[in-house]
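Novice: Quick note, our numbering runs 1 ahead of the 1-based positions in the sequence shown.
Virtual Cβ for every residue (Gly too), placed ideally from N, Cα, C.
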Amino acid sequence: MAQEFPTQARVVIVGGGIIGCSVAYHLTKLGWTDVVLLEQGQLSGGTTWHAAGLVGQLRSHANMTSLIKYSTQLYSELEAETGLATGWKNCGSLSVARTADRMTVLKRTAASARAQGVDIEVISAKEAQDLWPVMAIDDLVGAVWLPGDGKANPTDLTQSLAKGARNRGARVIERVRVTGIKTKDGKATGVSTDKGDIAAEIVVNCAGQWARKVGAMCGVTVPLHSAEHMYIVTGKIEGVHPDLPVMRDPDGFIYFKEEVGGLVMGGFEPEAKPWGMKGIPDDFEFALLPDDWDQFEILMQNALVRVPQLETSEVKKFYNGPESFTADNNFILGEAPELKNFYVGAGFNSMGIASAGGAGKALAEWIVNSAPTMDLWPVDIRRFAGFNNNPRWLHDRVKETLGLHYAMPWPNRELDTARPFRRSPLYDRLAAKGACFGSKMGWERANWFAASGEKPETQYSFGRQNWHDAVKREMKATREAAGIFDQTSFAKLLVQGRDAASALNRICAADIDVEIGRSIYTGLLNERGGYESDLTVMRLGRDKFLIVTGSAQAVHDADWINKNIPDNAHVTLTDVTSSYSVLALMGPRSRDVLARLTSADLSNVGFPFATIREIDIGYATAYANRMTYVGELGWELIVPSEFAVGVYEALHEAGREFGLTDCGYYALEALRIEKGFRAWSRELTPDVNPFEAGLAFAVSMDKPGGFIGREALVEAKAKGKLTRRIVQFTLDDEAPMLWGGELILRDGKPVGEVRSAAYGHTLGCSVALGLLDHADGVDKAFIEGGRYEIDLAGERHAATAHLKAPYDPKSERVKADSTELRAAA
Ligand SMILES: Cc1cc2nc3c(=O)[nH]c(=O)nc-3n(C[C@H](O)[C@H](O)[C@H](O)COP(=O)(O)OP(=O)(O)OC[C@H]3O[C@@H](n4cnc5c(N)ncnc54)[C@H](O)[C@@H]3O)c2cc1C
């Protein structure tokens, strides 16, 4: 007998592609069985059915790799559980290199993969050919072999996940279209459909390329855009057999896998073709787009180089299917900041099959625990803001993001498309001074300044890049005279109200209930004691706090703070990022420069470290916060946007005689790493606590009322030993460049990973902050007792570990003034 259409469920999932089915599977596995999944057509009929089914584990972020590692494990076991085959074949995969730079990438990848517990071998071109005999290797430099990778059948996998969910009580209903999201008091409360309404505690948007539209039904930003994505299937090719590994040739933008004795050949062309500008038709089910051999040409040409037999083999089928892409090539996961109890899992950038197992599990855990259970920042929905949903911007950006899969992942690679996007009032002035801009959270930010006659364009490489000397100049100016940094991109949040102090004090790990005019560096910790953010809280009044936090964290931090403000508390949070520019004036002569422009007392007594005052600067009135992120004397000038140009000009006028120099973010990064200052999302993550980070001093364990995460810290302390710790390293050899992500070895054995690195011109060598991980404990004796090396693309370089920053300001005056810590850029 047909079951009645449900009128309520604990969770309603919108979309029956592989992601929706994986979320349903994992929710039921976690014991949440009252789940209804609604699919407007048939399961997998959206994008999933025509995926090539490659499952490659390697990602640049360790937790992202671990999600896919989990996928491979799940896909190999699922059939035994559900009785439905998944087509999973653990055939392994190869990636080949045509150039020395690509080989460097593969070797770097191999080192970090090993650190992440992924089996990987660096092999010769000939060894690659032994594994994949149909390829030509004359132009190849080498390859890597990942025996744990594989391929799956996307439709079978989806059905198998759905069956697993059904077996535990979930209802999977096809041919039901969600037409609206019901909300009440800022929370999702159910869905409207063409078959009736369903009330729900939680709604999950897994609607693939329709997810932007489903988000828009309730004011939730899901910034994705479709692009055409193509592959061909050939007839039988001699030497191609079912166990043939997957093969990737990223320099040719192409991949291959075996299918019925022939090859699937597809790829990621450098300039993609956006699709769906007028919206995605509802009935685009088991549908494809017209063949486009012109767009495919670049892939075909490269494929002929790699597999000459393709010249004569039959093309049995051309698949051109749209897939959704995001602005940064990472998917979108998590609870929407705009609407409680509304979750999103979408925008899979042609990685949905590989990611589905891990992403479905991570999202289900997020739903059940009301919080992520691991650091998921690279895919966190809160890394995007409303302005990222602009359709023209997305359209222009996804032309580039599709190709990023196989583009050279240069260490500091900037995206070129859809820029400039957000600009500081100083943008034109900095451009005129030779700024080479990068982009963060859409903001154009000066990375470095070209000397006159020099082109402000970064030339990428794994060694020293063309801005090496520019950054040296800027660092020297900041260490010895004064530098000016446009940090307008900082996110700024104003928290006000009668209960602001008490609410914030529970959210911050440091004591922020201080006298008016104090600035406090603090972490925001989760229940596990890990960093949700680190930032500066400035008390402007009894009931008024200004928070300055990282450029990328405005939405995330506002969401975290809002969610943790008690229900009836008298507190409001306003994002005032656009209202203020921030000009950071840093260096031993910064006081001399500022003194020329203000009547304020700038002395150590009159304006001590970690205080904020409203002062006059030229014709402007602005906040000056006595704190820097570089370990020198300095002030962050928080200037109303319309006064920013005036203050900037006045500072330069006054600073000329003191050597005031425009400086960019590359110098800032190197300066802070030399000083050992941590940055959020690099050293400080939701998985790292303040003891591990070496920031116990910025936690007030005994303040009245406690704080979120305190219990976890008490527990960690009771254990008496740390098994992980952030430690600073310098390379003994002055020449090599570290970039971050490198493997750290202690006495020849892997012990951790470099989280951030830069060339420290003050120290005269590469300097890094790394996370050491050792189950038996990472104490002082362990750190100081080892012989360290850092693996740079297969070459090991001797390194020295430091528990105290090796950079120490030379002059006594600077020492006395030297700041302690500053929130992350
Ligand atoms: C040519 C090509 C090759 C690919 N190859 C690979 C690969 O090798 N490896 C890999 O990992 N990934 C690959 N992918 C990517 C992969 O296919 C996708 O990332 C994945 O299928 C996305 O799954 P999904 O569940 O998010 O989306 P979908 O499969 O599109 O599922 C979303 C579902 O939501 C439904 N829906 C939408 N709106 C509503 C509504 N209002 N009410 C009810 N239901 C609704 C849709 O009908 C659809 O079925 C490839 C993609 C393409 C196009």
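Relative to the alpha-carbon of residue 488, which residue among 702, 666 and 276 has its alpha-carbon at the smallest distance?
Specialist: Ranking 702, 666 and 276 by Cα distance to residue 488 puts 666 first.
Novice: Could you check whether residue 252 and residue 103 sit closer than 9 angstroms to each other, using their CB atoms as the reference points?
Specialist: Going by C-beta atoms, residue 103 is nearer than 9 angstroms to residue 252.
Novice: Check whether the Cβ of residue 242 lies closer than 8 angstroms to any heavy atom of ligand 1, and answer yes or no.
Specialist: False, no ligand heavy atom lies under 8 angstroms from that Cβ.
Novice: Is it right to say residue 715 is buried, meaning 16 or more other beta carbons lie within 10 angstroms of its own, or is it exposed?
Specialist: Residue 715 should be labelled exposed.
Novice: Would DSSP call residue 747 helix, strand or coil?
Specialist: Three-state result, residue 747: strand.
Novice: Hey, is residue 137 close to ligand 1, as in C-beta under 8 angstroms from one of its heavy atoms?
Specialist: It does not: the Cβ of residue 137 is nowhere closer than 8 angstroms to a heavy atom of ligand 1.
Novice: Taking only heavy atoms of ligand 1 into account, decide whether any of them is closer than 8 angstroms to the Cβ of residue 210.
Specialist: Yes; taking the cut-off as 8 angstroms, the Cβ of residue 210 has a heavy atom of ligand 1 nearer than that.
Novice: To the nearest angstrom, report how far apart residue 113 and residue 760 are at their CA atoms.
Specialist: About 20 angstroms.
Novice: Report the partner residues of residue 22 according to the DSSP bridge assignment.
Specialist: Answer is none; residue 22 lacks a bridge partner.
Novice: With 16 as the cutoff for other CB atoms within 10 Å, does residue 442 come out buried or exposed?
Specialist: Residue 442 comes out buried.
Novice: Note down, in chain order, each residue of its chain lying with its Cβ closer than 6 angstroms to the Cβ of residue 821, except the 5 sequence neighbours on either side.
Specialist: Confidence at residue 821 is low in this model, with a pLDDT of 39, below 50, so the placement of that residue should be treated as unreliable; the coordinate-derived value is given next. Correct list: empty, nothing qualifies.
Novice: Is it true that the CB of residue 732 sits closer than 9 angstroms to the CB of residue 792?
Specialist: Not a contact, by the Cβ cut-off of 9 angstroms.
Novice: Identify which residue in 345, 704 and 632 has its Cα closest to the Cα of residue 669.
Specialist: When each option's Cα is compared against that of residue 669, the closest is 632.
Novice: Are the beta-carbon atoms of residue 794 and residue 105 separated by less than 9 angstroms?
Specialist: Yes, these two residues count as a Cβ contact at 9 angstroms.
Novice: Going by DSSP, what residue range makes up the alpha helix (DSSP H) through residue 586?
Specialist: Segment 581-587 is the beta strand (DSSP E) holding residue 586; no alpha helix (DSSP H) there.
Novice: If you run the structure through DSSP and keep just helix, strand and coil, what is residue 718?
Specialist: In the structure shown, residue 718 sits in a helix (DSSP, three-state: H, G or I).
Novice: Starting from residue 316 and walking both ways along the alpha helix (DSSP H), at which residues does that stretch end?
Specialist: No alpha helix (DSSP H) holds residue 316; the beta strand (DSSP E) holding it covers 316-326.
Novice: Can you give me the Cβ contacts of residue 695 inside the same chain, cut-off strictly under 6 angstroms, excluding the 5 residues immediately before and after it?
Specialist: 727.
Novice: Would you say the stretch 247-267 touches the stretch 297-310, given that touching needs at least three Cβ pairs under 8 angstroms?
Specialist: Yes: the two stretches touch, three or more of their Cβ pairs being nearer than 8 angstroms.
Novice: In or out: residue 388 buried (at least 16 other Cβ within 10 Å) or exposed?
Specialist: Burial call: exposed.
Novice: At a cut-off of 8 angstroms, would you count residue 232 as near ligand 1, judging by its Cβ distance to the nearest heavy atom?
Specialist: Under cutoff, so the answer is yes.
Novice: Use the C-beta contact count for residue 817: other C-beta atoms within 10 angstroms, 16 or more gives buried, fewer gives exposed.
Specialist: Because residue 817 sits at a pLDDT of 41, beneath the cut-off of 50, its placement in the model cannot be relied upon, and the following sentence gives the value as read from the coordinates. Residue 817 comes out exposed.
Novice: Sorted by chain position, which residues of the same chain lie with C-beta nearer than 7 angstroms to residue 155's C-beta, five sequence neighbours on each side aside?
Specialist: Cβ neighbours of residue 155 beyond the five flanking positions: 19, 45, 49, 50, 52, 54 and 354.
Novice: Roughly how many angstroms lie between the CA atoms of residue 580 and residue 493, to the nearest whole one?
Specialist: Distance between the alpha carbons of residue 580 and residue 493: 9 angstroms.
Novice: Given the structure, does residue 25 come close to ligand 1, in the sense that its CB is under 8 angstroms from one of the ligand's heavy atoms?
Specialist: Result no, Cβ not under 8 angstroms from ligand 1.
Novice: Enumerate, from N- to C-terminal direction, the unbroken beta strand (DSSP E) stretches of 3 or more residues contained entirely within the stretch 468-506.
Specialist: Qualifying beta strand (DSSP E) stretches, in chain order: 483-487 and 492-497.
Novice: Provide the residue span of the beta strand (DSSP E) that contains residue 773, from first to last.
Specialist: Run containing residue 773: 766-774, per the beta strand (DSSP E) assignment.
Novice: May I ask which residues mark the beginning and end of the beta strand (DSSP E) holding residue 448?
Specialist: Per DSSP, residue 448 belongs to the beta strand (DSSP E) from 444-450.
Novice: Looking at the structure shown, is residue 386 part of a helix, part of a strand, or coil, going by DSSP?
Specialist: Looking at residue 386 - three-state DSSP - the assignment turns out to be coil, as it is neither helix nor strand.
Novice: Of the choices 529, 67, 4 and 398, whose alpha-carbon is the least far from that of residue 374?
Specialist: Among 529, 67, 4 and 398, the Cα nearest to that of residue 374 belongs to 529.
Novice: Tell me whether residue 75 counts as near ligand 1, meaning its Cβ is closer than 8 angstroms to at least one heavy atom of that ligand.
Specialist: No, since every heavy atom of ligand 1 falls outside the 8 angstroms radius drawn around the Cβ of residue 75.
Novice: Just confirm the distance between the C-beta atoms of residue 361 and residue 23, as a whole number of angstroms; I'd bet it's less than 8 angstroms.
Specialist: Contact holds; Cβ gap of about 3 angstroms.
Novice: State the start and end residues of the unbroken beta strand (DSSP E) segment that holds residue 394.
Specialist: Not the beta strand (DSSP E): residue 394 falls in the alpha helix (DSSP H), residues 392-402.
Novice: Taking residue 336 as the reference, give the member of 486, 557 and 352 with the closest Cα.
Specialist: Taking only the C-alpha atoms, the option nearest residue 336 is 557.
Novice: Is there at least one non-hydrogen atom of ligand 1 closer than 8 angstroms to the beta-carbon of residue 194?
Specialist: Yes, since a heavy atom of ligand 1 falls inside the 8 angstroms radius drawn around the Cβ of residue 194.
Novice: Using three-state DSSP, classify residue 818 as helix, strand or coil.
Specialist: With a pLDDT of 43 at residue 818, under the threshold of 50, the predicted position of this residue should be treated as unreliable, and no value is reported.
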